[in-house]
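Chemist: Residue numbers (the numbering used here), protein chains in the order written: chain A, 101 to 431; chain B, 3 to 176; chain C, 11 to 480.
Positions of the beta carbon are idealized from the N, C-alpha and C atoms, including for glycine.
Here the structure is a predicted model, which means the values were calculated and not measured.
Right, I'll just put the structure down here and ask away after.
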Amino acid sequence: MSLTLINVLAAVIIAIAFVAANAAYLVWAERKGAGFIQRRPGPTENGPWGLLQPPVDGIKLMTKQLLIPGGVDKIIFVIAPVLAMFPSIVSFVTIPFSDTIVAHNINIGLLMIFVFGSMSAMAILMGGWSSRNKYSMISSVRAVSQAVAYEIPMLITAITVVMIAGSLDLMEIVHKQSGGFWHWNIWPFQKGLFNILMPASFLIFFICSLAETNRAPFDLGEAESELVAGYHTEYSSMGFGLFFMGEYANIVIGACLTTILFLGGWDCPFGLFPGVWWFIVKIYILIFTFIWIRWTFPRTTIYSLLNLSWKVLIPISLFNLLLTAGLLKVF
Amino acid sequence: MMKTLFSADGLVGLLFLFNLIVTVVGGIVACNAERLVRAVIGLVVCFVGVAGIYFFLNSPFIAMMHILIYIGAVAVAISFAIMLAAPEEKMRTGPTSPLSGPIGLISTLLLISGLVSLALKTEWTSVTKINDGSVKTIGIQLLTNHSMVFELISIVLLLAILGALVIARGGREE
Amino acid sequence: MLFLPELTILGAGLLFFLLTLGQPSEATIKNCASAVAAVILFTCVLCVNQTGNLFYGAYRVDLFSQIFKILIAAATLVVFLFGNGLKGIKQDSRPEYYLFLLVSNLGLVMLVSSVELLAIFIALELSSFAVYIMVPMRTTATGIFFQMEAGIKYLLFGVMATGFMLFGMSYIFGLTGTTSLDGIAEQLPILANRPAAVVAMLMILSGFFYKLAIFPFHFWVPDVYEGAANETTAFIAAVPKMAAVALLIRLTSLASHQGEMVLNLLMVCSILSMFYGNLSALVQKDLKRMLGFSGIAHAGFILLGLLTFKLTGYASAVYYIVGYALMNLACFLVICQVAAKGENLGISDLSGLHKRAPILALTLTVALFSLAGIPPFVGFTGKFMLLLGALREDHLLLVTLAAINTAIAIYYYLSVVRMTFCSDSNGLGNVQTGFLANSLSLILVTVIIVMGVAPSWFVALAESAIKTIL
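Given below as structure tokens:
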């Protein structure tokens, strides 16, 4: 009992470190990537290729004054960033990086990640509302309507995969896909069925994870041209830092989930040397795609964003769900 | 036999107590908050406590679904509605009788003491584990023993959607 | 075959769902509704002799449930027929209104067959939710602007009662480890001495007390009756109450082992309901509000039958609720016809009705005489049987108080009758009544009289039905 407790604690600490490191260097990668795409150098001053920029930023954030503006709802204002950060860390506890590298595999791991993912909407709402600022308020309403809209197709797509794998256990889902890239859920042939919509499912899931993490082109919540900085306008210092880290942690989680559900997890594309490195490679390719998309697509508008979810993604994913269920039943 | 606090049982009991306290505190906040949004947050805290109790009672799946549905959907929908409606702050404007506080306190205490003595006086049958609470068992139960309830719930939900649409469709008639 | 009535209702619901998608004409909606209700009644009658278990024992089809299904279907048919134009409902949502009515009906029909706590709970919720939605669907063209408030009140009190019921159910489940009524019935005699079982039973009963509007759970009645459209009120006043009585019989037969405590509380509820309902009804000016309060009083009378815990008591409770539903339907038929635009009626709006619409005046008079408990109508016979049953159980005080209440009630019922017959029409025009409404009202009058004069066959039927569940 106490041993598992220590294990979990250690896992949480490692998860925090992983999240923090990722957040820091993803910012760097983002800026470098943006620079590359926009044909400019990006950060260069601190260290070689600006590699020391993240720790410097971190120190700056941490040493700044934690300003609580007058008129905010103090309790909620303080809780919100913590609530934004906390679920992401907990989610990492169940994500299997390989057969052995997993903090605490539970048999409803997928569900747990979605559960904690759904909490972030609450954090955004709390942060935006408690700031008592028009822009924050509008931003949080936008962000949440978006999160709610995109959670539905995401869950439905995930359910499709769960039906194919027959388990909510992330390990199990990966095991079902092992043995080469042609076994991955992204392809239309699964378990002897020919489900033409699986690639579409993958795309839906990917789009939804973009939207769920408030990334461009779906970053209506922090549309800086209209809403200053969105729901974290009033936050300074680490309050802002936590929101920021939470966001990047969510990106990593989104990439991990996409990898596990559709890209075979740590499975090697050619059936050789499966292991954690493949997982890492896959998630960073996905994360790079996130960055790539951010700097190449313009921001959409809130209505087209919601229309996309309710009128396109949800019907397709529902249809795929029914199709998969039918195929599984028939064959 | 007296159980010590730091034995396994004691810790488990502590966990249970913690969940209970979270639930009750959340409920109190939800009832007494002056701002509606705070009340929603109290509700969220309460739900977390309830989910904790489910988890404690060996039903992790139910606990997860409770959080997913009640915090991820219900609480978010409620706060969404509140923000769209932009209600006046400070809801408690109506005059309340000076007696309402003491009367409420007394009746609450009576109720609590009644429930506590009820719980203490009853010889509860020892707890039996009906099933392992896994997803599979729940699925089987839903499609066998409780299949009718399962189907009826879908009608209830459909009804709720239709009802909301019908009531909201015409807008407010003034 | 076992499930035919329910399937018919579901199919009818689907039909109306399809109708809501298009833009059907008024006549189509009307005719569909009447036809559908008739078909439902027909299937219910067809399946009366079915017995069997469905859904892994959660659903039991027996004589008891089938008879209640027929009663519910018949009452709904009457509501559908006389609420023909749905004058009080927003024009654009009339098909939806029928859809919700049918879903509520489905919930009630399933409720009387459910023999498992969860199934009971969900079926009850299904029937209630539909009604919660129907209340605010009233149009503001009638000059009533608080239908939304009424709906919210109904919802909030309903949620509270449901909360009580669920809490009680959780206690029962904790004590017995089962949710099926059979399993509970086996274990309850053993648990009878435990206070938690008694409290749990009472809390479960309270969910149905709410539907039946018995004293501590009656708060919704006046506002909902007044705020809801006349047709909705007619439904609320008659149909769910029958299902509630069915379930109360099922549940009190479980509670009968628990002796004094439950009995005393039921007695207190009964007396308070009667006094509260009757005394409040005395001062009402709005006809529907008055009928609402009188409904509380009548619910108290029904408890008289239930708290005997005897077969005859239950049978007379069934008889009484059927009679009550008939009288109420007759009253609301008159209200719906007199209120040409679906508005609320004050008692003074009935003045000179005997000249304006003789048949309606006759119907109203018979219904009110019956509600007041004047022979030879069904209300008298029902009250007589209930009081007799209670007297046999030596509840002398209860019977005395009930008799006093009957006397109080006569005053306000007869003052309405006086308004109908002994005052001028004050310039109020004639009431247009169709052939359908006239014949329906005559049928109701006949049934009220026949049942009052010759109650024995129905009581015998009710007894044989209740025997199947005891």
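Please classify Phe431 of chain A as buried or exposed, where buried requires at least 16 neighbouring CB atoms within 10 angstroms.
Modeler: As a position in the first sequence, residue 431 of chain A is number 331, starting the count at 1. It is exposed - the Cβ of Phe431 of chain A has fewer than 16 other Cβ atoms within 10 Å.
Chemist: Whose Cβ in chain B lies nearer than 7 angstroms to the Cβ of Gly184 of chain C?
Modeler: Working through the third sequence from its first residue, we reach residue 184 of chain C at position 174. Near Gly184 of chain C (Cβ distances below 7 angstroms), the residues of chain B are Trp126.
Chemist: Taking Val27 of chain B as the query, report the chain A residues whose CB atoms sit under 8 angstroms from its CB, ordered along the chain.
Modeler: Reading the second sequence from its first residue, position 25 is the one you call residue 27 of chain B. Correct list: empty, because the minimum Cβ distance to chain A is about 13 angstroms.
Chemist: Excluding the five sequence neighbours on either side, which residues of its own chain have a C-beta within less than 8 angstroms of the C-beta of Tyr142 of chain C, listed in chain order?
Modeler: Indexing the third sequence from 1 puts residue 142 of chain C at position 132. So the list reads Gly161, Tyr164, Leu165, Gly168, once near-sequence residues are dropped.
Chemist: With DSSP collapsed to three states, give me the class of Ile458 of chain C.
Modeler: Translated into the one-based positions of the third sequence, residue 458 of chain C becomes position 448. Helix, per DSSP.
Chemist: From the DSSP output, read off the bridge partner residues of Ser124 of chain C.
Modeler: Numbered from its first residue, the third sequence carries residue 124 of chain C at position 114. Per DSSP, C:Tyr69.
Chemist: Can you find the residues in the same chain that come closer than 7 angstroms, C-beta to C-beta, to Val158 of chain B, ignoring five residues on each side of it along the sequence?
Modeler: Along the second sequence, read from residue 1 onward, the residue named residue 158 of chain B stands at position 156. For Val158 of chain B, where only same-chain residues beyond five positions count, there are no Cβ hits under 7 angstroms.
Chemist: Which residue comes first and which comes last in the beta strand (DSSP E) that contains Gly333 of chain C?
Modeler: For the purposes of this step, residue 333 of chain C is taken as residue 323 along the third sequence, with counting starting at 1. Element bounds for Gly333 of chain C: not the beta strand (DSSP E) but the alpha helix (DSSP H), 321 to 348.
Chemist: Mapping the DSSP letters down to three states, classify Ser474 of chain C as helix, strand or coil.
Modeler: Position 464 of the third sequence, counted from the first residue, corresponds to residue 474 of chain C. In the structure shown, Ser474 of chain C sits in a helix (DSSP, three-state: H, G or I).
Chemist: May I have the straight-line CA-CA distance separating Ala210 of chain C from Gly54 of chain B, to the nearest angstrom?
Modeler: Here residue 210 of chain C is taken as the residue at index 200 of the third sequence, counted from 1. Here residue 54 of chain B is taken as the residue at index 52 of the second sequence, counted from 1. So the alpha carbons of these two residues sit roughly 25 angstroms apart.
Chemist: Give the DSSP-derived three-state secondary structure of Ile384 of chain C in the structure shown.
Modeler: Counting from one through the third sequence, the residue named residue 384 of chain C turns up at place 374. If DSSP states are grouped into helix, strand and coil, Ile384 of chain C belongs with coil.
Chemist: For Ser138 of chain C, tell me which candidate among C:Ile154, C:Asn274, C:Leu25, C:Val113 has the shortest Cα-Cα distance.
Modeler: Translated into positions along the third sequence, residue 138 of chain C becomes position 128. Minimum Cα distance to Ser138 of chain C is reached at C:Val113.
Chemist: How would you write the range of the beta strand (DSSP E) that Asn63 of chain C sits in, first residue to last?
Modeler: Along the third sequence, read from residue 1 onward, the residue named residue 63 of chain C stands at position 53. Asn63 of chain C -> beta strand (DSSP E) spans 62 to 64.
Chemist: Classify Phe342 of chain C: buried if its beta carbon has 16 or more other beta carbons within 10 angstroms, exposed otherwise.
Modeler: For this step, residue 342 of chain C is matched to residue 332 along the third sequence. So Phe342 of chain C counts as buried.
Chemist: So, using beta-carbon positions, are Lys276 of chain A and Ala265 of chain A closer together than 8 angstroms?
Modeler: Here residue 276 of chain A refers to the residue found at position 176 when the first sequence is read from its first residue. Here residue 265 of chain A refers to the residue found at position 165 when the first sequence is read from its first residue. Yes, the pair counts as a contact, with Cβ atoms nearer than the cut-off.
Chemist: Nearest to Thr163 of chain A by CA position, among A:Phe186, A:Thr313, A:Ser336, is which residue?
Modeler: As a first step, residue 163 of chain A must be located in the first sequence, where it is residue number 63. Checked all of A:Phe186, A:Thr313, A:Ser336; the closest Cα to Thr163 of chain A is A:Ser336.
Chemist: Restricting to Cα atoms, I'd like to know which of A:Ala425, A:Thr333, A:Ser325, A:Lys411 is closest to Pro398 of chain A.
Modeler: Taking the first sequence and counting its residues from 1, the one referred to as residue 398 of chain A is at position 298. Pro398 of chain A has its Cα closest to that of A:Ser325, out of A:Ala425, A:Thr333, A:Ser325, A:Lys411.
Chemist: Do the segment 114 to 126 of chain A and the segment 179 to 191 of chain A touch if we need at least three Cβ pairs shorter than 8 angstroms?
Modeler: They touch, by the three-pair rule.
Chemist: Can you check whether the C-beta of Glu106 of chain C is within less than 8 angstroms of a C-beta belonging to chain B?
Modeler: Reading the third sequence from its first residue, position 96 is the one you call residue 106 of chain C. Judged by the 8 angstroms Cβ criterion, Glu106 of chain C is in contact with chain B.
Chemist: Does Ser218 of chain A come within less than 8 angstroms of chain B when only Cβ atoms are used?
Modeler: Position 118 of the first sequence, counting from 1, holds the residue named residue 218 of chain A. It does; some Cβ of chain B falls within 8 angstroms.
Chemist: Please report the Cβ distance between Leu137 of chain B and Phe57 of chain B, rounded to the nearest whole angstrom; I am assuming they are in contact, meaning their Cβ atoms lie under 8 angstroms.
Modeler: In the second sequence, the residue the question calls residue 137 of chain B occupies position 135. In the second sequence, the residue the question calls residue 57 of chain B occupies position 55. Leu is not the amino acid found at residue 137 of chain B; the sequence shown has Val there. Contact flag wrong, Cβ pair sits at about 14 angstroms.
Chemist: May I have the straight-line CA-CA distance separating Lys295 of chain C from Ala68 of chain C, to the nearest angstrom?
Modeler: Sequence index remark: in the third sequence, residue 295 of chain C carries index 285 (1-based). Sequence index remark: in the third sequence, residue 68 of chain C carries index 58 (1-based). The alpha-carbon atoms of Lys295 of chain C and Ala68 of chain C are separated by roughly 46 angstroms.
Chemist: Using a beta-carbon distance below 8 angstroms, is Met4 of chain B in contact with chain C?
Modeler: For the purposes of this step, residue 4 of chain B is taken as the residue at position 2 of the second sequence. With a pLDDT of only 48 at Met4 of chain B, under the threshold of 50, the placement of this residue in the model should not be trusted, and no figure is reported.
Chemist: Give the C-beta separation of Ile360 of chain A and Val274 of chain A to the nearest angstrom, bearing in mind that I take them to be a contact with Cβ-Cβ under 8 angstroms.
Modeler: Position 260 of the first sequence holds residue 360 of chain A. Position 174 of the first sequence holds residue 274 of chain A. Indeed they touch by this definition, with Cβ atoms about 6 angstroms apart.
Chemist: Which of the three DSSP states, helix, strand or coil, is assigned to Ser114 of chain C?
Modeler: Working through the third sequence from its first residue, we reach residue 114 of chain C at position 104. Three-state DSSP puts Ser114 of chain C in a helix.
Chemist: For chain C, find out if any of its Cβ atoms is closer than 8 angstroms to the Cβ of Ser149 of chain B; answer yes or no.
Modeler: Along the second sequence, one-based indexing puts residue 149 of chain B at 147. Closer than 8 angstroms to some Cβ of chain C, the Cβ of Ser149 of chain B qualifies, so yes.
Chemist: In the DSSP assignment, what residue or residues form a beta bridge with Gly356 of chain C?
Modeler: Position 346 of the third sequence, counting from 1, holds the residue named residue 356 of chain C. DSSP lists C:Asp296 as partners of Gly356 of chain C.
Chemist: Mapping DSSP to helix, strand and coil, what is Ile99 of chain C?
Modeler: To locate residue 99 of chain C, count along the third sequence from 1; it is residue 89. Strand, per DSSP.
Chemist: Is the CB of Val76 of chain B under 8 angstroms away from at least one CB in chain C?
Modeler: Position 74 of the second sequence, counted from the first residue, corresponds to residue 76 of chain B. Not closer than 8 angstroms to any Cβ of chain C, the Cβ of Val76 of chain B fails to qualify, so no.
Chemist: Mind listing the chain A neighbours of Arg40 of chain B? Cutoff is C-beta to C-beta under 9 angstroms, in chain order.
Modeler: Residue 40 of chain B sits at position 38 when you count from the first residue of the second sequence. What Arg40 of chain B touches in chain A: Asp173, Ile175, Ile176.
Chemist: Quick one: which chain C residues come within Cβ less than 7 angstroms of Val158 of chain B?
Modeler: Position 156 of the second sequence, counted from the first residue, corresponds to residue 158 of chain B. Those are Ile132, Glu135, Leu136, Phe139, listed as they occur along chain C.
Chemist: With a threshold of 8 angstroms between beta-carbons, can Val46 of chain B be considered close to chain A, or not?
Modeler: As a first step, residue 46 of chain B must be located in the second sequence, where it is residue number 44. It does; some Cβ of chain A falls within 8 angstroms.
Chemist: Answer with buried or exposed for Ile49 of chain A, where buried requires no fewer than 16 other C-beta atoms within 10 angstroms of its C-beta.
Modeler: Nothing can be reported for residue 49 of chain A, as the shown portion of chain A is limited to 101 through 431.
Chemist: Determine the chain B residues that contact Phe110 of chain C at a beta-carbon separation under 9 angstroms, and present them in chain order.
Modeler: Here residue 110 of chain C refers to the residue found at position 100 when the third sequence is read from its first residue. The answer, in chain order, is Leu161, Leu164, Gly165, Val168.
Chemist: Going by alpha carbons, who is nearest to Pro169 of chain A out of A:Leu126, A:Thr400, A:Gly227?
Modeler: The residue given as residue 169 of chain A occupies position 69 in the first sequence. Of A:Leu126, A:Thr400, A:Gly227, the residue nearest in Cα terms is A:Gly227.
Chemist: Compare the C-beta of Phe93 of chain A with all C-beta atoms of chain B and state if any pair is closer than 8 angstroms.
Modeler: Any property of residue 93 of chain A remains undetermined from this structure, which presents chain A solely from 101 to 431.
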